[in-house]
Amino acid sequence: MEKGKGVMGSGRRWAVDFSDNSTALSSRDIRDPPGFTRASVDQDDSTVSRQKKDAESNWKAQKAWEVAQAPFKNLLMMGFMMWMAGNTVHLFSIGITFSALWQPISALQGVGKVFEPYKDGKVELLGPKLLFIALNLGGLALGVWKLNTLGLLPTHASDWVSSLPPAQEVEYSGGGIPL
Amino acid sequence: MAIRSFFVPFLLLVLWFYSSLSPVLSLYEDQVGLMDWHQQYIGKVKQAVFSTQKTGRRRVIVSTEENVIASLDLRHGEIFWRHLLGSNDVIDGIDIGLGKYVITLSSGGSILRSWNLPDGQMVWESFLQGPKHSKSLLLLPTNLKIEKDNVIVVFSNDRLHAVSCIDGEVLWKKDFETESFETQQVIQPPGSDLIYVVGFAASSQFEMYQINARNGELLKHESAIFSSGFLRELSLVSSETVVALDSTGSILLTISFQNGEISFQQTPISNIVEDSSGPAVIIPSSVPGIFAIKINSVTIFIRVIGKGKLEVVEKLNQETAVSNALPISESQQAFALVQHAGSEIHLVAKLAHDWDANLLKESIKMDQQRGIPHKVFINNYIRTDRSHGFRLLIVMEDHSLLLLQQGAIVWSREDGLASIIDVTASELPVERDGVSVAKVEHNLFEWLKGHMLKLKGTLMLASPEDVAAIQSMRLKSSEKSKMARDHNGFRKLLIVLTRAGKLFALHTGDGHIVWSHLLHKSEACQSPVGLNLYQWQVPHHHALDENPSVLVISRCGPSSDAPGVLSFVDTYTGKELNSLSLDHAVVQVIPLPHTDSTEQRLHLLIDSDKHAHLYPKTSEALGIFKREFSNIYWYSVEDHNSIIKGHALKCKCTGEVADEFCFDARDLWSVVFPSESEKITATVTRKLNEMVHTQAKVMADQDVMYKYISRNLLFVATVAPKGSGEIGSVTPEESWLVAYLIDIVTGRILYRVTHHGAQGPVHAVFSENWVVYHFFNLRAHRYEMSVIEIYDQSRADNKDVWKLVLGKHNLTSRISLFSRPEVITKSQSYFFTHSVKAIAVTSTAKGITSKQLLIGTIGDQVLALDKRFLDPRRSVNPTQAEKEEGIIPLTDSLPIIPQSYVTHALRVEGLRGIITVPAKLESTTLVFAHGVDLFFTQLAPSRTYDSLTEDFSYALLLITIVALVAAIFVTWRLSERKELQDKWR
Chain A
403 MEKGKGVMGS GRRWAVDFSD NSTALSSRDI RDPPGFTRAS VDQDDSTVSR QKKDAESNWK
463 AQKAWEVAQA PFKNLLMMGF MMWMAGNTVH LFSIGITFSA LWQPISALQG VGKVFEPYKD
523 GKVELLGPKL LFIALNLGGL ALGVWKLNTL GLLPTHASDW VSSLPPAQEV EYSGGGIPL
Chain B
71 MAIRSFFVPF LLLVLWFYSS LSPVLSLYED QVGLMDWHQQ YIGKVKQAVF STQKTGRRRV
131 IVSTEENVIA SLDLRHGEIF WRHLLGSNDV IDGIDIGLGK YVITLSSGGS ILRSWNLPDG
191 QMVWESFLQG PKHSKSLLLL PTNLKIEKDN VIVVFSNDRL HAVSCIDGEV LWKKDFETES
251 FETQQVIQPP GSDLIYVVGF AASSQFEMYQ INARNGELLK HESAIFSSGF LRELSLVSSE
311 TVVALDSTGS ILLTISFQNG EISFQQTPIS NIVEDSSGPA VIIPSSVPGI FAIKINSVTI
371 FIRVIGKGKL EVVEKLNQET AVSNALPISE SQQAFALVQH AGSEIHLVAK LAHDWDANLL
431 KESIKMDQQR GIPHKVFINN YIRTDRSHGF RLLIVMEDHS LLLLQQGAIV WSREDGLASI
491 IDVTASELPV ERDGVSVAKV EHNLFEWLKG HMLKLKGTLM LASPEDVAAI QSMRLKSSEK
551 SKMARDHNGF RKLLIVLTRA GKLFALHTGD GHIVWSHLLH KSEACQSPVG LNLYQWQVPH
611 HHALDENPSV LVISRCGPSS DAPGVLSFVD TYTGKELNSL SLDHAVVQVI PLPHTDSTEQ
671 RLHLLIDSDK HAHLYPKTSE ALGIFKREFS NIYWYSVEDH NSIIKGHALK CKCTGEVADE
731 FCFDARDLWS VVFPSESEKI TATVTRKLNE MVHTQAKVMA DQDVMYKYIS RNLLFVATVA
791 PKGSGEIGSV TPEESWLVAY LIDIVTGRIL YRVTHHGAQG PVHAVFSENW VVYHFFNLRA
851 HRYEMSVIEI YDQSRADNKD VWKLVLGKHN LTSRISLFSR PEVITKSQSY FFTHSVKAIA
911 VTSTAKGITS KQLLIGTIGD QVLALDKRFL DPRRSVNPTQ AEKEEGIIPL TDSLPIIPQS
971 YVTHALRVEG LRGIITVPAK LESTTLVFAH GVDLFFTQLA PSRTYDSLTE DFSYALLLIT
1031 IVALVAAIFV TWRLSERKEL QDKWR
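Those sequence lines, one after another, are chains A and B.
Under this note's numbering, the letters of the first sequence match residues 403 to 581, in that order.
Under this note's numbering, the letters of the second sequence match residues 71 to 1055, in that order.
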């Protein structure tokens, strides 16, 4: 994911287009490097570019699916760490649980951004997006489940009555042994 | 709310982890005295003997009504040493033998002890037995010797003993055969070998025995009959003459038994005293030639001249105290008189044989709140011009002890505080600008110096001297004794009522007396006996301008149906706001849970005819009371015939006088214990002002149990009548203890448990939904502590989360006790090593903090024991979840951790009661233990989780913050630079 972002991401500042197909000599003020034959590039312009476009969109779609599946690995790792952390409340388990909750939420917030590089008229992104969201929701559910097993969710009656003040009594009585 | 509620178990768990790291609440050495104070007292002085030899320090040996023998410094009044004898070992007499031994006779004359005068070590102890109980007299003749051994003459248990002063060996003893002989005096004429024992047999027979002091041989026995009988009091006027009164108190009898011949001289009092009315009483004194009688409140001094002739020398109308005679030279004896006159007391010292000449005549201004002088002891010293100077030790009505010398009070001791009967707490005034009494630091330099020292201390640069200076600065911090409220509620006033009928306000910061007030005496009531203290007015919401006040209930005389007296005392100033002499007795006082618009609490006073009287007597209070009329009940415990009765209010009094504030009561229920098998020994209820945070108890598995929290529960312990004596007086089969939990509105017995083979005394404490009680197990030969927890089963099915979330439950609605709650109880017993003098429980402002039991041990210390040790859910192998909840594995006995003694190295001699007062800070409770000594400290049963502790290192925090800020700044600069370089590349 990181890699794809680095190369194809919107944040790039410059690029060398090796498939330069401008044939006009005037635009070429630099000589071709030795051993480079322009003839092989120039042979069939249109077919080459179409092929290229197809390859790129294929590659993009493939990449998008890959990105969409990435949270699954995360999910597995999270599950393992949660299992390691145990069911008692302490710093480690709380940290893991909260990161397990935070990661899917932040990922879900940035769904658009994650798939932006693969945006293309031809590429169908709905499928990968849905998978990505589903997997992240799964991660979130895992986090919530962990929170619950830690006893930090108010799902028991005890969580709702633990601060109830004692009931008042209607009657009042006093007295005791005579002074 | 939801967030809070699911965070509570989390917080509690964190707290538990925190506390389980260091489970013991102990104190570092340098924290002693920071929050606690300890005061030593001795009680009202009964007898004083001076020891003013040239060598050694000048001191006075005193015995007191609290059974203390103490040696006091004559210069400052400090205690050199002190011994508290048990409550069944009452001191009968003290004296100094051979100038270096203090001789005490105690326990009804059966124990004679000798103590080393300089350090108070016991030298020897003798047990003196005799045929029957009698008056005990101790006599140390100065120059009577048997085989070079100084002799102590003791008359006790109807037997005369001569005991060696060196080793306590009984040299001889002598019984008196006469039936019903009551000894009044044992006389040893100086310079002779004779001992006279005089007394009465039957009611009209005077008996005299003359005994050889060397071997106890009876030399002569004479008796004479005086037909109209005697009053049982004698005054010794010379070694062979005594004065007595006849049974009507109107005729003085001079009885002389010179050479063994008894002769009576009758003198009607009316002959020598004009306008004498009423019977006379002899004031015990031992001034040669002079005795004193008291008719009504007039003290009359009468001199015996020659053969039974009497002459009045002076009549004194004021309250007067007379000292014993003090030999100041070969032939001269001096004595002192102290008279009370308004705001002054007059001191007079006279020679016994010359009434008109005064050796000393002084007037000293005396605090009105000390009352009248009760006792005076005289001592002399030789001035540089070889004349006699006198110092007087005075015991005042409020039990304080003062030393007077050269017309001034040299020192005074507030020994009334040794006999506290009730305690309540009061807030201090709110700090306002200009009102604060706190002293500002003396000057800037001092202030700077103090802070420099503190800084040195925190940076660990302080030398040992600096450390000492810092410690003394911490101890004497003016913050502590400020006369204003503090944010945490640590500074309060403790209002205490002493047996002498005096109120003291003690500051919790350092224990100093803020004000004192002797209960007002009125025409109707000459000697009010203080009984109890109640908080009358605690302004906090509406009536903030009013000062808080306390209600003192006292009784006009010792009998239980004597009319009561109510006094209202302002707790800021100690002024008596009002005093009411009631026309009815006060048998019970019930503070009601209602206050009027000025925040005066309504009180119901029950008199001996079971009428209820409402106070304050205002129409507003009556209105409030009428609204709650049908819901107010009361109960009475008749412990002598083992009955507990419940009553309800019926109607207005049907007496001859219409009284709107008086109500008749009707009996509602009664619990009658079978008198042949059960006798009530202890009853405990919850404290009125106890706060409970929650009604639910959450188990480890997220299950809920509802506590049965009721103000109307009474714990009653009964024992077998046979087993009500001392421990070990019965066999286990004959003794049992039954514990009851009784609902005092309906009279329903909610729980009953029998402990076979158990014996009292029972000490119990009731808090929230549990009772802890302490008793002796005869089978195991050990003390035991039991806990009963009571839960409400009828609420247990409130388990639907959605109902709870939406608030559709009736858990907090008002409930009636007539709705028959279903309860279940859990209980458990443990062995406990100590016998117990008092048990209390910590109380906090909101009741969130976990509780500790405060146990006053037999060693006069206060032990803090976590309530977790007395949890009926403890089991031998708790599950992991239970362990997480904080349940300790079950052991058969409760642990005593030496560090958890609240009183650390100190002892609260004669411990009688422990009082806990919540501070404003939830984690902290204030503990006051009183007995002969006073002790006060702050406790945090779950550590101070809501504030930083005193040893928190602020310096470290500051350094960390500074370092972090610096690091942020540096890294920011570095990153800036790196970015710039990157851009240039």
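Using N, Cα and C, we set each Cβ at its ideal position, and we do this for glycine too.
When secondary structure is reduced to three states using DSSP, A536 (chain A) falls in the helix class. Contact check for I173 (chain B) and L210 (chain B): beta-carbon distance about 7 Å, within the 8 Å limit, so the pair qualifies.
In the three-state scheme derived from DSSP, where H, G and I count as helix and E and B as strand, V119 (chain B) is classed as strand. Proximity of L647 (chain B) to chain A, defined by a Cβ-Cβ separation below 8 Å, is not satisfied.
Under the three-state reduction of DSSP, Q596 (chain B) is assigned to coil, being neither helix nor strand. Taking I498 (chain A) as the centre and dropping the five residues before and after it, the same chain places the C-beta of M483, M484, A487 closer than 7 Å to its C-beta, in chain order.
The segment 544-554 of chain B makes contact with the segment 571-584 of chain B, as at least three CB pairs between them are under 8 Å. Between S309 (chain B) and the set B:N366, B:P338, B:I1031, B:V267, the nearest pair of CA atoms involves B:V267. Within its own chain, the residues whose Cβ lies closer than 7 Å to the Cβ of V659 (chain B), once the five positions on either side in sequence are excluded, are N602, Y604, I623, H673, L675, listed in chain order. Chain-order list of chain A residues neighbouring N602 (chain B): L581, by C-beta distance under 8 Å.
By the 16-neighbour rule on beta-carbons within 10 angstroms, K114 (chain B) is buried. Taking CB atoms only, S560 (chain A) has a neighbour in chain B less than 8 Å away. For E195 (chain B), the enclosing beta strand (DSSP E) covers residues 192-197. In the structure shown, P965 (chain B) falls within a coil segment according to DSSP collapsed to helix, strand and coil.
In the three-state DSSP reduction, N558 (chain B) falls in the coil class, being neither helix nor strand. Closer than 8 Å to the CB of L820 (chain B) there is not a single CB belonging to chain A. When CB distances to chain A are screened at a threshold of 8 Å, the residues of the segment 657-670 of chain B falling below it are V657, Q658, V659, I660, P661, L662, P663, in chain order.
DSSP places N648 (chain B) in the strand class (E or B) of the three-state scheme.
When Cβ-Cβ separations below 8 Å define contact, R781 (chain B) makes contact with chain A.
Remark: C-beta atoms of L923 (chain B) and V932 (chain B) do not approach each other more closely than 8 Å. Only residues of its own chain outside the window of five on either side were considered, and among them S305, V307, V313, I352, S355, I372 have a CB closer than 7 Å to the CB of F361 (chain B), listed in chain order. As for any alpha helix (DSSP H) of minimum length 4 sitting wholly inside the segment 844-896 of chain B, the runs are 871-875, ordered along the chain. For A989 (chain B), the closest of B:G926, B:T914, B:H851, B:A752 by C-alpha to C-alpha distance is B:T914.
In the three-state scheme derived from DSSP, where H, G and I count as helix and E and B as strand, L301 (chain B) is classed as strand.
Using a Cβ-Cβ cut-off of 8 Å, V572 (chain A) is close to N701, R884, I885, S886, L887 of chain B, given in chain order. Not a single CB atom of chain A sits nearer than 8 Å to the CB of N227 (chain B). An exposed status is given to Y98 (chain B), since fewer than 16 other beta-carbon atoms sit within 10 Å of its beta-carbon. For the segment 702-726 of chain B, the beta-carbon criterion of a distance under 7 Å to any beta-carbon of chain A is satisfied by I702, Y703, W704, Y705, S706, V707, D709. Taking I985 (chain B) as the centre and dropping the five residues before and after it, the same chain places the C-beta of V493, F998 closer than 6 Å to its C-beta, in chain order. Three or more Cβ pairs drawn from the segment 759-779 of chain B and the segment 846-866 of chain B lie within less than 8 Å of each other, which places the two stretches in contact. Taking C-alpha positions only, W107 (chain B) is separated from F1005 (chain B) by approximately 6 Å. The three-state secondary structure of I398 (chain B), taken from DSSP, is coil. Given a length threshold of 3 residues, each whole run of the beta strand (DSSP E) inside the segment 310-381 of chain B is given here in chain order: 311-316, 321-326, 333-338, 350-353, 360-365, 368-375.
Within the DSSP bridge table, the entry for Q101 (chain B) names no partner. Identification of residues in the segment 860-877 of chain B having a C-beta nearer than 8 Å to some C-beta of chain A yields N868, K869, D870, V871, L874, V875, given in sequence order. Taking a C-beta distance under 8 Å as the contact criterion, G571 (chain B) and V537 (chain B) do not qualify as a contact pair.
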